[in-house]
Structure formats: structure tokens, C-alpha cells
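2 protein chains.
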Amino acid sequence: MSESEAYLQIGEVAERTGVTQRTLRFYEEKGLLKPPSRMDGGFRLYSEDDVKRVKQIRRLQDLLGISLADIKDMVDAGEILRELKAQYRPEAGIAEKKRQLERAIEVVHAQYAIVKQKTEQMAEMKAQLEERLKTFERWRKELEQLDEKAAVALS
Amino acid sequence: MSESEAYLQIGEVAERTGVTQRTLRFYEEKGLLKPPSRMDGGFRLYSEDDVKRVKQIRRLQDLLGISLADIKDMVDAGEILRELKAQYRPEAGIAEKKRQLERAIEVVHAQYAIVKQKTEQMAEMKAQLEERLKTFERWRKELEQLDEKAAVALS
DNA sequence: GGCGGACTTAACCCCTACGTCAAGGTTATA
DNA sequence: TATAACCTTGACGTAGGGGTTAAGTCCGCC
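Protein chains in written order, with this note's numbering: chain A, 1274 to 1428; chain L, 1274 to 1428.
Quick look at the structure:
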């Protein structure tokens, strides 16, 4: 949280993450991004952590296709872990930390289950597509042979 | 297209495909399903092919997370192929068939590329999650050891 | 042949995850 | 200080549906 970090305006964050400015404001509105600091004139100022978070959100969206509400749970759990990691002094109470950690583990487990299932389905689909392609190529060759014969018949 | 096929009403199709009746009408509206035949009273009558098509649409949606417009292209290509398969007489013109087949191959290639890319990204994500889980479990054990020591200190 | 319950119809608004202007304020550069 | 480039909030639009409802249809049973 040092004051000397390089802050980014919304346009640069948009460019670096591949999402639109509208999307960044939308994520903020929905609680997926914490409200960033502002310049005097009201312009949003993001941190590098915000950039990482946006990228994480997009990966979860693209790969798992889950709702933003679910993604919020996941990235929140990730945030908790980063906090646990950062403040390694036990002043917050061990029991409290343990609960947070177990909650986070639960979330990661759920995420893992989704990824595993999708991976399997994907592999199945990939195999089917490969088979399909082979069939089609064979047909194409058959058609080409028919075509050649027709050309010969016409000559 | 025989008249003796077992036709299904929308409710049964909904049940067998796992989508709502509303969704079936929506797909029809968007051109993903061809308008089914109707009973005298106006009730929709679906075929087994329609059921297959709906299942295919859902799989593409769930696994690839692509738009209905893209899905329409893909299932249309599949449809063309089924037609090619069915009418194996060359009356439609070989050149025409060849174009259709090549178009279909193109679409399947595109689909395959998406699946392949997603498969790779998914594998990467899975590995990351596994590593994460290991880290967390280690932390949990550390916390538990701290907890035991605290209990001993209090006794 | 007529009744009741299950089924279907189109129509309407609600939801998510943004896209797309519009009208105006801010910052940087000349 | 002017002007381009960037940003602000707000409002409306779109895709892909979900929920609900009033009204019409089908079908077995008496």
C-alpha cells in the first residue's frame, strides 16, 4: 500500500487487460473490483493488483463460463489468502485464520472440480471432432475421384 | 421425413433435453431450430433429430461458451453433412456438394481449434489449482501445529 | 358429448453482462 | 488559453434466456 506505486488510469488498465472501460466500471459496480482511488478531478486510479484481478476474472469467465457472482466468491477467497500470506503475525487470532483458510480451500476445491469435469468433457469432444474430420476428408477424396471420372467421361 | 415417426410435444422435448419450453421457442425464434410441424390446434411437434440438435447446442454452449450465432453456423454445417450423407445420389451436382463439404470441414476445423486451445488452457489451470491446494494444505497443517502448542501453553 | 385436468400458446417484464451513445468535466500539450 | 485526448455519470440497447399469466387446446373418462 505504499504511496509511490505507479497508478494507472482506466484506459491503460483496459488496454492491458483487454476489457473495455465500461467493463471495469461494471465490475466495480458489482463488487468484483474494489472502488479504486481517484485523482482530484475524479479520474479512477488503479493499481497493478487490480490489473491482476481483472485478468483472473477473465480467465475464470472464459475457461469455466461461470457467473460473475460465482467468480466474485473465488477471487474474494484468493484475496483472503493473499492477506493471510501478507500478515503472517498471529495477531488476528488463529481460529479466525483457520476458518478463512478452510473456506478458501473449499472454494479452490470447487473450482478444481469444475475444471476437472470440463477437461474431461473437452477431451471427449476433441476426440469426436478428430474422428469427424477424418470422415470428412475421406468423403472429400471420394468426391474428387468422382469428379475426375466425370471429367474423363466428358472429354 | 416419413409420416410414421414418433413426434414429440414441447414438454417432452424439454424434459429429455434439460432445457425449458421457453428456451425451445427461443431457439426456434432465433433460427437455431427449424420451425417444427404443428398439430391442428397449433401445438408444436418435434422429431428425434430436433432433440439431438438441442443437445448439441447445449454442449457447444456449456463447453465452449460461444454465441448462439456461432453455434448456429456449426449445427448448420452438421446438418448439411447429414443431408450429404442421406442423399447419396449425385443428382444435386458434385460441385455443389464439394463446396458444402469444404465449408463444413472449415467449420469443424474452427471448432477443433477452439476446443484444442481451451483444452490446453484448462490443463494449465488445473495444474495451478493443484499446486495451490498443496500450498494451502501445508498452511493448514502449520496452523494446526500452532494451535496445539497454544492449547498446551494454556493447560 | 361434455367435463376436468394437463398441456400449450403468445405476451409481457425481469435478469446478467456488458455495448453504445450523449453531454459534459479534466488533463496534457502547444 | 485553446484544444485534443481522456475521463465522468447516466440512460438506453442487446443477447440469451427465466418467470409468470391469461387464454386456448387436447385427451381420457363418465
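Here a beta-carbon is modelled for each residue, glycine too, at the ideal position from N, C-alpha and C.
What does residue i pair with, by DSSP beta-bridge criteria?
{"i": "A:S1320", "result": "Per DSSP, none; premise fails for A:S1320."}
{"i": "L:L1281", "result": "L:Y1319"}
{"i": "A:S1310", "result": "A:L1318"}
Rounded to whole angstroms, what's the CA-CA distance from residue i to residue j? Just pull it up for me.
{"i": "L:R1311", "j": "L:L1336", "result": "32 Å"}
{"i": "A:A1424", "j": "L:L1374", "result": "20 Å"}
{"i": "L:R1411", "j": "A:K1358", "result": "13 Å"}
{"i": "A:S1277", "j": "L:E1404", "result": "At A:S1277 the pLDDT is 41, less than 50, meaning the model places this residue with poor confidence; the figure from the coordinates comes in the next sentence. Whole-angstrom Cα-Cα distance: 33 Å."}
{"i": "L:A1368", "j": "A:E1421", "result": "12 Å"}
{"i": "L:M1398", "j": "A:A1386", "result": "12 Å"}
{"i": "A:S1275", "j": "A:G1314", "result": "Note that A:S1275 scores a pLDDT of 37, beneath 50, so its modelled location is shaky; the value from the coordinates is reported in the next line. Cα to Cα, A:S1275 sits roughly 22 Å from A:G1314."}
{"i": "L:Y1319", "j": "L:R1331", "result": "17 Å"}
{"i": "L:T1408", "j": "A:V1327", "result": "23 Å"}
{"i": "A:E1281", "j": "L:L1406", "result": "Checking the displayed sequence, the identity of residue 1281 of chain A turns out to be Leu instead of Glu. So the two alpha carbons sit approximately 32 Å from each other."}
{"i": "A:R1317", "j": "L:K1370", "result": "57 Å"}
{"i": "A:Q1418", "j": "L:D1349", "result": "26 Å"}
{"i": "A:P1309", "j": "A:Y1300", "result": "11 Å"}
{"i": "A:R1295", "j": "A:R1355", "result": "27 Å"}
{"i": "A:I1413", "j": "L:G1351", "result": "Reading off the sequence shown, one finds Arg at residue 1413 of chain A, where the question assumed Ile. Cα-Cα distance, rounded: 15 Å."}
{"i": "A:R1372", "j": "L:A1426", "result": "22 Å"}
{"i": "A:Q1329", "j": "L:A1400", "result": "15 Å"}
{"i": "L:M1395", "j": "L:A1279", "result": "41 Å"}
{"i": "L:G1366", "j": "A:G1284", "result": "55 Å"}
{"i": "L:E1415", "j": "L:V1286", "result": "54 Å"}
Do residue i and residue j have their CB atoms nearer than 8 Å?
{"i": "L:K1307", "j": "L:L1341", "result": "no"}
{"i": "L:I1353", "j": "L:A1377", "result": "yes"}
{"i": "L:Q1334", "j": "A:L1402", "result": "no"}
{"i": "A:I1344", "j": "A:L1305", "result": "yes"}
{"i": "L:V1381", "j": "L:D1346", "result": "no"}
In this structure, does DSSP put residue i in helix, strand or coil?
{"i": "L:T1293", "result": "coil"}
{"i": "A:L1305", "result": "coil"}
{"i": "A:G1351", "result": "helix"}
{"i": "A:E1276", "result": "Low per-residue confidence applies at A:E1276: pLDDT is 41, beneath 50, and the placement is therefore not dependable enough to give any value."}
{"i": "L:I1339", "result": "coil"}
{"i": "L:R1326", "result": "helix"}
{"i": "L:L1419", "result": "helix"}
Does the stretch 1321-1332 of chain A come into contact with the stretch 1285-1295 of chain A, if we say contact requires no fewer than three beta-carbon pairs (one atom in each stretch) closer than 8 Å? The stretch 1321-1332 of chain A makes contact with the stretch 1285-1295 of chain A: 3 or more CB pairs, one atom from each, lie closer than 8 Å.
Please confirm if the stretch 1391-1404 of chain A is in contact with the stretch 1385-1397 of chain L, defined as three or more CB-CB distances below 8 Å between the two stretches. Three or more pairs of CB atoms, one per stretch, sit closer than 8 Å, so the stretch 1391-1404 of chain A contacts the stretch 1385-1397 of chain L.
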